[in-house]
Amino acid sequence: RLLEEFVNHIQELQVMDERIQRKVEKLEQQCQKEAKEFAKKVQELQKSNQVAFQHFQELDEHISYVATKVCHLGDQLEGVNTPRQRAVEAQKLMKYFNEFLDGELKSDVFTNSEKIKEAADIIQKLHLIAQELPFDSLMDFCYSPHSSPGKYHDLECQLIQEFTNAQRRGEISRMREVAAVLLHFKGYSHCVDVYIKQCQEGAFLRNDVFEDAAILCQRVNKQVGEVFSNPETVLAKLIQNIFEVKLQSYVKDQLEEHRKSDAEQYLKNLYDLYTRTTNLSSKLMEFNLGTDKQTFLSKLIKSIFISYLENYIEVEIGYLKTRSAMILQRYYDSKNHQKRSIGTGGIQDLKERIRQRTNLPLGPSIDTHGETFLSQEVVVNLLQETKQAFERCHRLSDPSDLPKNAFRIFSMLVEFLCTEHIDYALETGLAGIPSSDSRSANLYFLDVVHQANTIFHLFDKQFNDHLMPLISSSPKLSECLQKKKDIIEQMEVKLDMGIDTLNCMIGQMKHILAAEQKKTDFKPEDENNVLIQYTNACVKVCGYVRKQVEKIRNSMDGKNVDTVLMELGVRFHRLIYEHLQQYSYSCMGGMLAICDVAEYRKCAKDFKIPLVLQLFDTLHALCNLLVVAPDNLKQVCSGEQLANLDKNILHCFVQLRADYRSARLARHFS
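Residue numbering for the sequence shown follows this note's numbering, starting at 29 and increasing by one per position.
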């Protein structure tokens, strides 16, 4: 059944294929027939198109022929008409010329005031003719009752007066008409001058001459294009007149008043006036002033300020020097302090270094009474003055001189802030550091360090914010960076010298231990009646150390904190180590010593220095040798913390035990 079904379908498909094939053949024949008909139509259309193209060519040739004839005829007519018109104009000019020679002006064009435009045109042409007359004829013509030159001048004056009246009435169209007539007269520039003068009448009534000038130029810019054929020239002339007359006079009045008497006010006025002038120039850049308006406006500004800008930096440096010295002197006067000269070299420096490194009394240290001689107010005032100087320098200096001038201002800041104030305070602080055997606990040098550090951050911020933009692309950059580096190194040297305050701290701890620690603390008479957890000396030393650690953290920043704390921690450990070796310990006294060292170790954690904590951990382990049973000594000594120590150190600690003399203990340890 499947095979039969399959065969039937194949037969059906064959029948369908034959039917479709016949249909395809029929469509192909129809398509060929239509293609032949279409090709025939295209050929007929091409033939008709060729015929039409030939007709168009013939018509074009005919039109060209006619046009040539018309142009030729026009040229002939123009050749006849132009000389005729010139002859008519020449005849009229001769007629008017005769009227001037006769001295009687009868023509309506000269007597009718409404025809002033036509009269002006005629007078202009007669004036040009008069320039070509022979000398004798020219003299006769000029001295006639109504000569052309005289009439030329009179008419020019009339036109200018008419323009003036029209401007006062606000008649723009009449102004434009008269200006167009005057354009060919010599007095055209005078017309522009009159316009500029009248524009400024009543324009400068307020105190702000710059705002008035901007408003005036904006108003004239809208009007000048409607009146004159060359508005950019007229507007440029108005701006030039404002700069050279109004602004120059105003600037001179403002600056000359303070130039010799008040340098501060003079510099403020100069900066303000120059800034306002350049701002006005920026507003005027919006207007059409010709091709190179940037150069034009720059020259106008330069013409006003050149005499003041030539020596600006000298005035700036002189004022900055005087002002900075006054700020410092006023501060020292308020402290009733006579600034002394502190040597930084030679014998005095050698004596100071020896005094600080040793305990030899080479002369008393300077007592500063807790005064750091550093003032935030002074620093802010100096930085503010310098900031304003940098701003003025940026605005008023020539671009080629800007890096050099900025460097000079920076040098003034270095001299008065870094050298005269910070460096002086550091030197005074160094001289005020007490010797290590002094009982004075007043370590004010750390306060000096703290304030100097804060101040130098402000100095560095101004260096980056205000100086760097002025010198970033000049050779002065490396010079300034080197100068700053030298200052930092110089201060770091003094701070390193001041680290000898650590000797004073250690000396103070020695005094506390010597005064508070008693021999009976570690060898009590009644071993069974010890109630304290740690000795009074330990409590006071730990309290003192914690205060100094906090003070160091507040006074310094960065890696300096860790460096100083590490040095103090090592010295603190050495002091306690040597202190513990001065006593003999009973069993209960050894326990108390362990408690003290445990407290010292807690204090050492505040340093947050791994080495210091490790040292006190080892010391704590050593103290265990003071209380451990004789049979366990060797086991304790071979423990993790003590195994690497020298046996002499271990032996020294064991010898501190009160029972060391017993044969049993000596035998076990040996």
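Glycine is no exception: its CB is placed at the ideal position from the N, C-alpha and C atoms.
CB contact flag (residue i, residue j, <9 Å)
| i | j | result |
| --- | --- | --- |
| alanine 434 | leucine 523 | no |
| arginine 351 | glutamate 413 | yes |
| valine 406 | histidine 365 | no |
| valine 625 | isoleucine 604 | yes |
| threonine 261 | glycine 318 | yes |
| glutamine 518 | aspartate 451 | yes |
| tyrosine 302 | phenylalanine 333 | yes |
| serine 583 | valine 477 | yes |
| cysteine 245 | leucine 263 | yes |
| leucine 266 | valine 252 | yes |
| valine 573 | methionine 616 | no |
| arginine 202 | glutamate 190 | yes |
| lysine 636 | leucine 593 | yes |
| leucine 494 | glutamine 545 | According to the sequence shown, residue 494 is histidine rather than leucine. Against a cut-off of 9 Å, the Cβ pair of glutamine 545 and histidine 494 comes out as no contact. |
| leucine 620 | aspartate 549 | yes |
| leucine 187 | valine 209 | yes |
| phenylalanine 444 | isoleucine 345 | no |
| glutamine 228 | isoleucine 270 | yes |
| glutamine 404 | glutamine 479 | yes |
| lysine 432 | lysine 363 | no |
| valine 640 | valine 598 | yes |
| alanine 453 | isoleucine 437 | no |
| cysteine 631 | cysteine 680 | no |
| leucine 678 | threonine 646 | no |
Residue i burial status per 10 Å Cβ neighbour count (16 or more: buried)
| i | result |
| --- | --- |
| alanine 67 | exposed |
| lysine 321 | buried |
| asparagine 531 | buried |
| glutamate 455 | buried |
| lysine 537 | According to the sequence shown, residue 537 is methionine rather than lysine. By the neighbour-count rule (16 or more Cβ atoms within 10 Å), methionine 537 is buried. |
| leucine 424 | buried |
| isoleucine 516 | exposed |
| glutamate 184 | buried |
| valine 442 | buried |
| arginine 29 | exposed |
| alanine 115 | exposed |
| asparagine 316 | exposed |
| serine 428 | exposed |
| arginine 420 | buried |
| aspartate 88 | exposed |
| arginine 685 | buried |
| valine 248 | buried |
| threonine 305 | buried |
| glycine 102 | exposed |
| valine 206 | buried |
| methionine 525 | buried |
| glutamine 78 | exposed |
| tyrosine 336 | buried |
| glutamine 195 | buried |
| isoleucine 224 | buried |
CB contact below 9 Å: residue i versus chain D
| i | result |
| --- | --- |
| leucine 593 | In the structure shown, chain D cannot be found, because there is only a single protein chain. |
Sheet register partners of residue i (DSSP bridge)
| i | result |
| --- | --- |
| tyrosine 605 | Looking at the DSSP assignment, tyrosine 605 forms no beta bridge with any residue, so it has no partner. |
| tyrosine 572 | DSSP output for tyrosine 572 lists no bridge partner at all. |
| arginine 685 | Tyr613 |
Integer Cβ distance of residue i from residue j, believed to fall under 8 Å
| i | j | result |
| --- | --- | --- |
| histidine 601 | leucine 643 | 4 Å |
| tyrosine 347 | glutamate 292 | 6 Å |
| threonine 400 | aspartate 475 | 5 Å |
| lysine 349 | methionine 440 | 6 Å |
| isoleucine 580 | valine 589 | 7 Å |
| tyrosine 294 | leucine 283 | 6 Å |
| leucine 486 | leucine 402 | Contact doesn't hold; Cβ gap of about 12 Å is too wide. |
Distance cut-off 8 Å: residue i Cβ against heavy atoms of the ligand FMN
| i | result |
| --- | --- |
| glutamine 57 | The ligand FMN is absent from the structure shown, which contains no ligand whatsoever. |
Next on the checklist: Would you call the region 236 to 252 in contact with the region 271 to 286, where contact means no fewer than 3 C-beta pairs closer than 8 Å?
Outcome noted: yes
Next on the checklist: For the pair the region 303 to 313 and the region 325 to 336, tell me if three or more CB-CB distances fall below 8 Å.
Outcome noted: yes
Checklist entry - Are the region 610 to 627 and the region 499 to 518 touching by the rule of at least three beta carbon pairs closer than 8 Å? => result no
Checklist entry - Counting Cβ pairs closer than 8 Å, one from the region 646 to 661 and one from the region 618 to 635, do we hit at least three? => result yes
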